[in-house]
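Going letter by letter, the sequence shown gives residues -26 to -1, 1 to 379 in mature numbering (1 follows the signal peptide of the UniProt record, and there is no 0). From the three backbone atoms N, C-alpha and C, an ideal C-beta is built for every residue, glycine too. First comes the structure, then the notes that go with it.
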Amino acid sequence: MKNQVSLAVMAVCVFLSLTGCATSTAAEKSPVKTVEKAVTAADTVRGFYERYFAAAANNVLTPDIAMSKAFKADIQKSEQACKGHNDEPCGWGADANPYLNSQDYDDKLSYASSGIRFKETAPNTVRVDLNVTPSAPQVFKNTIVFKMVREDGQWVADDILYPEGKSLYSTRKALADERASLSKAVQTAQGKDWRKGADGREVDCSLKVKGKTYLNGTCMYDADKDGSFRLFGDKYFVYLNMLEKGVAGASWNGTSQASHAQELLGEDFKLKKGCWVGKNAEICALDNKQAAKPINKAERIQFAKGASSATVTGKLADFDTEQNYVMGVGKGQTMTVEQLDNKSDGKVSIYITDPKGENANDMDLSCHSKATVKPTIAGDYKIQVVECKKADPWKGKYTVRVNVK
């Protein structure tokens, strides 16, 4: 056949009296560079599994199959929706290996031992059957179905389906249903006062996390015999558990959208002056008559007519003191709150809470004397000013500038 192709090319060259015609050697070699490209949807899926098992055998990160833009967008949407829901499986591949359709499989599972088979059951639809536990005496086949589309000149997965009874369920539909369920749960949580229906008794409470106050007022306090307790406020709650004599660990919901205390605050809490104090947080639960601190009412910041900024001055006495402000802002604006160092006696940290009660700026352990929110939502933003380092307390005044455009 190669000789026939070469003769045909030479004949055409002679007939057309062309110079510089490609030789038979070049004509034979050029296709070799393109044979790796999959020509069918089944070839693409087969090539993926070959790479997948090869990576697994070499203990390196296994790849994902090439996906359509729409499929990748659905996965990214779910990743965002799942934030704050770390207490349960959530999102793409959270409850099982999506390419094996199983949580359990042999440690030394390979392409060959799986007995993997590929079949194009319908146009652009590839069914994969494999045994993920070949070491088991009874062979059990797992099935994964890939819906493929052509995108940017190549085959990509637009959806992955799994058997459910006599039908198949779609990954993309499952992700969309999960996002809808999470959205409903968030709406319920945002409107929920965690004190309602909680066991225990009313106490004066406060919760500071990395310098920012999340609870300051009345909470429901539910205690155990060993000293562990649960503290429920309006939007936030915290659990403290005794670990050993005099030392406790604590966790909280972290966001008003979360319904479980899944975020660890630390395991270094010790009782000091009626409050449990750790590196990252301070938790206080005092009987009403023992309340040590009055609630610090927020001062409303107002701009002069025609102005887009205002300067505010306040005083701090130590790390435990704070000053609170409230600022009405329109939708889609940019708000910046910044400390003026040359007019302040020490460094401050600035925390901003949006009208929905959520953190509007970064929460980290370092000092952050400048905070920007962009874009804003309409409503009152709360601004809290505290000293930035517990190990380096100071006493004096500070000045901050608030700018809204």
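Using the Cβ count rule (16 or more neighbours within 10 Å means buried), how would you classify residue i?
{"i": "F27", "result": "buried"}
{"i": "V34", "result": "exposed"}
{"i": "D48", "result": "buried"}
{"i": "A266", "result": "The pLDDT assigned to A266 is 46, lower than 50, so where the model puts this residue is not dependable; a value taken from the coordinates is nonetheless given after this. Counting Cβ neighbours within 10 Å, A266 comes out exposed, since fewer than 16 surround it."}
{"i": "G207", "result": "buried"}
{"i": "T350", "result": "buried"}
{"i": "residue 388", "result": "Past the edges of the chain, shown from -26 to 379, lies residue 388, and the structure says nothing about it."}
{"i": "V376", "result": "buried"}
{"i": "Q77", "result": "exposed"}
{"i": "R169", "result": "buried"}
{"i": "L156", "result": "buried"}
{"i": "T229", "result": "buried"}
{"i": "D243", "result": "Looking at the sequence shown, residue 243 is not Asp but Phe. Classification for F243: buried."}
{"i": "T308", "result": "exposed"}
{"i": "V106", "result": "buried"}
{"i": "G252", "result": "buried"}
{"i": "W129", "result": "buried"}
{"i": "D133", "result": "buried"}
{"i": "T95", "result": "exposed"}
{"i": "A(-19)", "result": "Note that A(-19) scores a pLDDT of 40, beneath 50, so its modelled location is shaky; the value from the coordinates is reported in the next line. Label assigned to A(-19): exposed."}
{"i": "P5", "result": "Any reading at P5 must be qualified, since the residue scores a pLDDT of 41, below 50, and its modelled position is unreliable; no value is offered."}
{"i": "Q54", "result": "exposed"}
{"i": "E24", "result": "exposed"}
{"i": "L238", "result": "exposed"}
{"i": "S52", "result": "buried"}
{"i": "S318", "result": "buried"}
{"i": "N231", "result": "Note that residue 231 is Gln in the sequence shown, not Asn. The residue is buried, with at least 16 neighbouring Cβ atoms inside 10 Å."}
{"i": "R204", "result": "buried"}
{"i": "K330", "result": "exposed"}
{"i": "A235", "result": "buried"}
Give the C-beta separation of residue i and residue j to the nearest angstrom, bearing in mind that I take them to be a contact with Cβ-Cβ under 8 Å.
{"i": "I324", "j": "A345", "result": "5 Å"}
{"i": "G89", "j": "P108", "result": "7 Å"}
{"i": "V359", "j": "V322", "result": "5 Å"}
{"i": "Q313", "j": "V374", "result": "5 Å"}
{"i": "I257", "j": "A131", "result": "Wrong, their Cβ atoms sit about 48 Å apart, outside the cutoff."}
{"i": "K369", "j": "V300", "result": "Rounded, the Cβ-Cβ distance is 25 Å, inconsistent with contact."}
{"i": "Y213", "j": "A224", "result": "7 Å"}
{"i": "S42", "j": "E125", "result": "5 Å"}
{"i": "V352", "j": "K279", "result": "Per the sequence presented here, residue 352 reads as Ala, with Val not at that position. A352 to K279, Cβ: 21 Å. No contact."}
{"i": "W66", "j": "L149", "result": "7 Å"}
{"i": "L104", "j": "K115", "result": "7 Å"}
{"i": "A31", "j": "S84", "result": "6 Å"}
{"i": "G171", "j": "C179", "result": "Incorrect: roughly 17 Å between the Cβ atoms, too far for contact."}
{"i": "N298", "j": "A334", "result": "14 Å between Cβ atoms; not a contact."}
{"i": "Y195", "j": "A281", "result": "About 45 Å; that fails the 8 Å criterion."}
Within the continuous beta strand (DSSP E) that includes residue i, where are the two ends?
{"i": "Q128", "result": "128 to 138"}
{"i": "D17", "result": "Not the beta strand (DSSP E): D17 falls in the alpha helix (DSSP H), residues 15 to 31."}
{"i": "E241", "result": "237 to 246"}
{"i": "T99", "result": "99 to 105"}
{"i": "L290", "result": "283 to 290"}
{"i": "G223", "result": "221 to 226"}
{"i": "T95", "result": "91 to 96"}
{"i": "I257", "result": "255 to 260"}
{"i": "I118", "result": "115 to 125"}
{"i": "V34", "result": "It is not in any beta strand (DSSP E) - V34 carries neither H nor E in the DSSP assignment."}
{"i": "C64", "result": "Run containing C64: none; DSSP gives neither H nor E here."}
List the endpoints of the continuous alpha helix (DSSP H) containing residue i.
{"i": "S52", "result": "43 to 56"}
Please decide whether residue i counts as near chain B, where near means a Cβ-Cβ distance under 8 Å.
{"i": "K371", "result": "Chain labels in this structure do not include chain B; a single protein chain is all it has."}
Self-check item: Whole beta strand (DSSP E) elements within the segment 304 to 372, 3-residue minimum
Solution: If you keep only unbroken beta strand (DSSP E) runs of at least 3 residues inside the segment 304 to 372, you get 309 to 313, 322 to 327, 344 to 347, 353 to 361.
Exercise. Quick one: which unbroken beta strand (DSSP E) runs of 3-plus residues sit fully inside the segment 138 to 218? Chain order, please.
Key: Whole beta strand (DSSP E) segments, 3+ residues: 141 to 144, 175 to 183, 186 to 197, 203 to 206, 211 to 218.
Quiz prompt | the segment 167 to 179 / the segment 135 to 154 touching (three or more Cβ pairs under 8 Å) | solution = Too few Cβ pairs lie closer than 8 Å, so no.
Practice problem: Check whether the segment 216 to 225 touches the segment 184 to 191, taking contact to mean three or more Cβ pairs, one atom from each stretch, closer than 8 Å. | Solution: Touching, no, given that fewer than three Cβ pairs across the two stretches are closer than 8 Å.
Quiz item: How about the segment 251 to 263 and the segment 279 to 289: do they share at least three Cβ pairs that are nearer than 8 Å?
Solution: Not touching, per the Cβ criterion.
Practice problem: Assess, as a yes-or-no matter, whether the segment 11 to 26 is touched by the segment 109 to 124 under the definition of 3 or more beta carbon pairs within less than 8 Å. | Solution: Taking a contact to require three or more Cβ pairs closer than 8 Å, the segment 109 to 124 and the segment 11 to 26 qualify as touching.
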